[in-house]
Amino acid sequence: MAQIQNPEQAYRLAKAILSDILLYNQEKVKKGIEDDNLFEVLSAEIEEGRKLFESRVPANIPKEVYDKALVDVIFKSAGRYSSKIW
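Here you go:
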């Protein structure tokens, strides 16, 4: 499997990984957003995704790319659920 070569590709990979996590855990996502504990509810899945991301991304690309994608993907999906904080 080819490694990622630049931050833009790494960001797209991270978004794909996180989109899959959200897709396959929709009920957890809904409950986590409603109860304002999404990161706790999905902690195992997020860390598993991070390990996959890190296995495909060379050390010269900042690992924070995954964290940025995490926030972007979650907030994009969060709008469809009721939350106490927004």
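Heads up: take any position in the sequence shown, counting from 1, add 450, and you land on the numbering used here. For glycine and all other residues, C-beta sits at the position ideal for the given N, C-alpha and C.
For L492, the closest of L463, L520, S505 by C-alpha to C-alpha distance is L520. In the DSSP annotation of this structure, I454 is not part of any alpha helix (DSSP H), being labelled neither H nor E.
Comparing C-alpha distances from Q455 to each of G499, R506, V479, I467 shows the shortest one belongs to R506.
The beta carbon of A460 sits closer than 6 Å to those of I454, V507, I511, V515, all from its chain and outside the five residues before and after it, given in chain order. The beta carbon of P457 sits closer than 8 Å to those of I511, P512, V515, all from its chain and outside the five residues before and after it, given in chain order.
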